[in-house]
Amino acid sequence: MSAPLRIRENGIDLFVRLTPKSSLDRLEGVETSADGRSHLKARVRAVPENGAANHALKRLVAKTLGVPASSVSVVAGGTARLKTLRITGDPEVLARGIEALGG
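Under the working numbering, the final residue of the sequence shown carries the number 595; numbering is consecutive throughout.
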């Protein structure tokens, strides 16, 4: 199984499958799709309107990894379930944080 992230010079790109309108906000570990790509499963209570679900996802990931919310941004998939988040910071520390979630 491949990791749900890509190491960058100043952080990581994290691949996420988001389910909005859930009963609670949580990260559920790593899942591999039929094409062999891995992504982190995430659920948020927010609805997918006006960017609310994306904002909730950014807050959840930032809190989980212990980074400021301003260091997390959606760089691809803004209106899709499969998203790419760019997280700035120490790539090694961030990668270990993701691996600890079940990656």
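All residues carry an ideal CB built from backbone N, CA and C; glycine is no exception.
- Checking the DSSP bridge columns, you'll see LEU506 partnered with LEU497, LEU577.
- For the pair ARG535 and LEU506, the CB atoms are not nearer than the 8 Å cut-off.
- Spanning the alpha carbons of VAL559 and GLY581 requires a straight line of approximately 8 Å.
- In this chain, THR524 is not harboured by any alpha helix (DSSP H); it is covered by the beta strand (DSSP E) spanning 518 to 524.
- With at least 16 other beta carbons inside 10 angstroms of its own, ALA587 counts as buried.
- By a beta-carbon distance limit of 8 Å, VAL539 contacts LYS513. Their separation comes to about 6 Å.
- Burial is judged here by how many other beta carbons sit within 10 angstroms of a residue's own beta carbon; LYS555 has fewer than 16 and is exposed.
- Residue pairing by DSSP places ALA534 opposite LEU510, LEU519 in a beta bridge.
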